[in-house]
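>
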Amino acid sequence: MSVFYVTTPIYYPNAPPHIGHAYTTVFADVLARFHRLTGGKVFFLTGNDEHGLKIQRVAEKAGKHPKEYVDEMANLYREYWRILNISYDYFIRTTDPYHEKAVKEAFNYIYGKGLIYKAKYSGMYCVDCEKYYSPGEYTEVEGKPHCPIHNKPLEYLEEETYYFKLSEFKDYLLDVLENRDIVYPSQYAREVASKIRNEGLRDVSVARPVERVWWGIPVPFDDKYVIYVWFDALMNYLSGIGYPNDKEKNTLYWSNAHHIIGKDILWFHTAVWFSMLKALDMPPPRRVIVHSYLINKGLKIGKSAGNVISIEELVERYNGSDGVRYLLSRIFNTDKDSEVSFELLDSIYNTELADTFGNLVRRVGSLALKKMGGKVYKRSIDGNVADVISNSIGTYLDAMRSYEVSKALEHVMNIARYANQYINETKPWEKSNPSKELYTLLELIKVATILLHPFTPMASSKLASAFGFEIENPVNMEPGKTERYTITDAPILFRKIQVKQEG
Ligand code: MSP
6 MSVFYVTTPI
16 YYPNAPPHIG
26 HAYTTVFADV
36 LARFHRLTGG
46 KVFFLTGNDE
56 HGLKIQRVAE
66 KAGKHPKEYV
76 DEMANLYREY
86 WRILNISYDY
96 FIRTTDPYHE
106 KAVKEAFNYI
116 YGKGLIYKAK
126 YSGMYCVDCE
136 KYYSPGEYTE
146 VEGKPHCPIH
156 NKPLEYLEEE
166 TYYFKLSEFK
176 DYLLDVLENR
186 DIVYPSQYAR
196 EVASKIRNEG
206 LRDVSVARPV
216 ERVWWGIPVP
226 FDDKYVIYVW
236 FDALMNYLSG
246 IGYPNDKEKN
256 TLYWSNAHHI
266 IGKDILWFHT
276 AVWFSMLKAL
286 DMPPPRRVIV
296 HSYLINKGLK
306 IGKSAGNVIS
316 IEELVERYNG
326 SDGVRYLLSR
336 IFNTDKDSEV
346 SFELLDSIYN
356 TELADTFGNL
366 VRRVGSLALK
376 KMGGKVYKRS
386 IDGNVADVIS
396 NSIGTYLDAM
406 RSYEVSKALE
416 HVMNIARYAN
426 QYINETKPWE
436 KSNPSKELYT
446 LLELIKVATI
456 LLHPFTPMAS
466 SKLASAFGFE
476 IENPVNMEPG
486 KTERYTITDA
496 PILFRKIQVK
506 QEG
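Start counting the sequence shown at 6; every next residue gets the next number (my numbering).
(1) Here's the rule: buried if 16 or more other CB atoms are within 10 angstroms of the residue's CB, otherwise exposed. What is Asp-237?
(2) Please report the straight-line C-alpha distance between Ala-111 and Glu-135, rounded to a whole angstrom.
(3) At the level of alpha carbons, what is the spacing between Glu-165 and Tyr-130?
(4) Secondary structure at Lys-436, three-state DSSP: helix, strand or coil?
(5) Since I believe Ile-306 is in contact with His-23 (beta carbons under 8 angstroms), could you give me their beta-carbon distance rounded to a whole number of angstroms?
(6) I'd like to know if the stretch 402-419 and the stretch 374-384 are in contact, where contact means that at least 3 CB-CB pairs between them fall below 8 angstroms.
(7) List the endpoints of the continuous beta strand (DSSP E) containing Thr-12.
(8) Hey, how far is the Cα of Gly-370 from the Cα of Lys-451?
(9) Taking the straight line between their C-alpha atoms, what separation do you get for Phe-362 and Ala-421?
(10) Taking all protein chains shown into account, do 16 or more other C-beta atoms lie within 10 angstroms of the C-beta of Thr-356, making it buried, or fewer, making it exposed?
(11) What does DSSP give as the partner residues of Ile-232 in its beta bridges?
(12) Looking at Leu-243: is its Cβ nearer than 8 angstroms to the Cβ of Lys-170?
(13) So, is Glu-105 buried or exposed, given that buried needs 16 or more other C-beta atoms within 10 angstroms?
(14) Ile-306: beta carbon under 7 angstroms from a heavy atom of the ligand MSP?
(15) Considering only the beta carbon of each residue, do Thr-99 and Ile-15 sit closer than 8 angstroms?
(16) From Phe-337 to Ile-97, what distance separates their C-alpha atoms?
(17) Please confirm whether any heavy atom of the ligand MSP lies closer than 7 angstroms to the CB of Gly-267.
(18) Terminal residues of the continuous alpha helix (DSSP H) containing Leu-350?
(19) Less than 6 angstroms between C-beta atoms, sequence neighbours within five positions excluded: which residues of the same chain meet that for Tyr-28?
(20) Could you have a look at Asn-2 and say whether DSSP puts it in helix, strand or coil?
(21) Report the option in Leu-42, Ser-260, Lys-118 and Ser-397 whose CA atom is closest to the CA atom of Pro-289.
(22) Classify Lys-123 as buried or exposed, calling it buried when 16 or more other Cβ atoms lie within 10 Å of its own Cβ.
(23) Strictly by DSSP, which residues pair up with Ile-266?
(24) Taking 7 angstroms as the cut-off, is the beta-carbon of Pro-14 closer than that to any non-hydrogen atom of the ligand MSP?
(25) Determine the DSSP secondary structure at Gly-508, reduced to helix, strand or coil.
(26) So, with DSSP's three-state summary, where would you put Tyr-103?
(27) When the Cα atoms are used, what is the spatial distance from Ser-440 to Ile-497?
(28) CA-CA distance, Glu-318 and Leu-446?
(29) Ser-465 lies in the alpha helix (DSSP H); which residues open and close that run?
(30) Compare the beta carbon distance of Val-58 and Val-8 with 8 angstroms and say whether it is the shorter of the two.
(31) Of the residues Ser-397, Met-377, Ser-437 and Glu-409, which one's Cα is nearest the Cα of Arg-489?
(32) May I have the straight-line CA-CA distance separating Phe-279 from Val-197, to the nearest angstrom?
(33) Which residues share a DSSP beta bridge with Val-131?
(34) Taking its Cβ as the centre, do 16 or more other Cβ atoms sit within 10 Å of Tyr-10, making it buried, or is it exposed?
(35) Let me check one thing: in DSSP terms, what residues is Leu-457 bridge-paired to?
(36) What does Phe-49 pair with, by DSSP beta-bridge criteria?
See below:
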């Protein structure tokens with residue numbers, strides 16, 4: 006059985022998750038569900054990144070101890086993921102004791118190898134990114150250094166700290182980035198490699214003095230310092246699968262680890278993380294899958310830009326989690342930023358889910374009830390229909406295995422479109438016994454429903470039970486093999502949204 010380990014970034018719980026976080030998490034969930042459906046042994050990890058200055062400040066502002074604050078937020082995040090039907094296997098929190106232990110062990114191990122040393126840092130810092138910025142990386146507004154992502158003034162820091170010798174890993178990183186197929190799409194690997202070639206690699210600070218930031222994991226051999234939040238956070242990918250104690254679990258899942266990230270955190274997940282792993286004598290992950298931003302009126306959607314679309318709004322408008330999951334997957338893009346608006350989402354929802362798929366299901370279900378009393382037995386299906394089914398499964402599987410979820414959905418919609426054309430041409434409503442036509446249509450619907458399952462698990466399961474078939478592994482599916490369908494209901498799966506006409 007093939008193993009598939011998939012992770013999302015662990016999110017900063019300084020605010021509730023919004024459409025951007027849902028975008029990443031739904032994508033990871035779709036991959037996890039796809040691999041389960043096709044017989045894989047899956048471990049899906051998500052969670053929260055609870056330490057650091059940003060959380061310390063937000064808790065202070067709320068008049069709460071950070072632990073109390075992050076406890077509440079962890080419940081809130083879990084609730085959002087429940088609403089979106091996210092099937093994670095484990096929700097990790099960086100304040101969990103076993104995680105803290107793993108981080109300390111890793112810090113000690115790397116220190117023991119002489120790869121962590123004490124020195125002075127002076128330079129700029131963005132608390133929203135929890136990131137050090139060097140000249141050339143930040144923008145200037147009225148002569149003052151600003152964060153290029155958050156567009157806010159950077160803070161100047163001057164402090165004694167612990168450094169990780171990132172510079173030692175230059176050759177290793179270039180080799181991994183240029184010769185191994187890890188970062189997907191590969192343009193992101195080239196981007197990081199050329200930054201390293203052009204600018205070289207500076208050592209990075211991996212601790213903060215406790216009088217500046219106290220909310221973190223203490224440096225194990227020096228309690229005047231806490232470990233830098235990114236060193237802490239990245240380790241979740243290992244502690245979440247049992248590092249360092251459960252070697253068996255760790256080795257099993259690490260061999261096929263897939264990190265899903267937005268392009269904002271590419272540097273940390275390649276240069277920094279691959280070097281930390283090497284220092285821990287561990288191989289890099291199998292894949293880092295990078296996606297671009299959701300933008301609104303040209304700006305990255307986020308709390309700082311103030312252009313957030315909430316998960317509640319989405320779930321309410323698109324009739325529950327399935328609609329939202331479908332839409333976020335349909336606009337998924339690794340390459341170009343995607344401009345989102347309700348206008349765009351409404352039109353995809355209405356055309357694809359309501360008109361093309363939903364309407365087909367309703368029509369065929371109603372006809373089967375009316376004409377056949379709900380019982381449709383196996384009949385031979387035409388060669389070209391069988392070809393459409395087999396080819397669609399093949400192209401869908403290829404797309405899913407190369408993370409092209411939007412393309413995979415297009416293949417599913419092609420099946421539904423073909424079925425709509427077939428029904429219009431064969432006119433089963435005019436026949437007294439349209440069993441062949443209905444059996445053919447049900448075969449097409451069954452395949453589409455199963456292929457949709459990772460995206461719309463509730464609607465797919467509901468339909469499978471209304472039409473009397475099982476959600477089975479699509480890899481083994483062959484057209485024309487279902488013995489019979491027992492239709493008990495013709496559900497409206499995706500109710501159309503009434504779009505107000507302008508003008
Ligand atoms: N805590 C760090 C990650 C540590 S992982 C070891 C962090 N957290 S975050 O809360 O800021 O989440 C960033 C991630 O949220 C992005 O990488 C991306 O996956 C997702 N997104 C947030 N806003 C987004 C968009 N507007 N568009 C696309 N993805 C977005 O960084």
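All residues carry an ideal CB built from backbone N, CA and C; glycine is no exception.
With the given structure in hand:
(1) buried
(2) 20 angstroms
(3) 15 angstroms
(4) In the structure shown, Lys-436 sits in coil (DSSP, three-state: anything other than H, G, I, E or B).
(5) 7 angstroms
(6) no
(7) 8-12
(8) 12 angstroms
(9) 6 angstroms
(10) exposed
(11) Ala-212
(12) Remark: C-beta atoms of Leu-243 and Lys-170 do not approach each other more closely than 8 angstroms.
(13) Glu-105 is buried by the Cβ-count criterion.
(14) yes
(15) yes
(16) Rounded to whole angstroms, the separation of the alpha carbons of Ile-97 and Phe-337 is 25 angstroms.
(17) yes
(18) 347-353
(19) Leu-299 and Leu-333
(20) The question about residue 2 has no answer, for the chain in this structure spans 6 to 508.
(21) Ser-260
(22) exposed
(23) DSSP, once it has assigned bridges, lists Val-295 as partnering Ile-266.
(24) yes
(25) Note on Gly-508: pLDDT 42, under 50, position unreliable in the model; the coordinate value appears next. Three-state result, Gly-508: coil.
(26) helix
(27) 22 angstroms
(28) 35 angstroms
(29) 462-472
(30) Looking at the sequence itself, residue 58 is Leu, so the reference to Val does not match. Against a cut-off of 8 angstroms, the Cβ pair of Val-8 and Leu-58 comes out as no contact.
(31) With respect to the C-alpha of Arg-489, the residue from Ser-397, Met-377, Ser-437 and Glu-409 having the closest C-alpha is Met-377.
(32) 12 angstroms
(33) According to the sequence provided, residue 131 is Cys. The question's Val does not apply to it. Answer is Lys-136.
(34) buried
(35) Leu-457 is not bridged to any residue.
(36) Val-11
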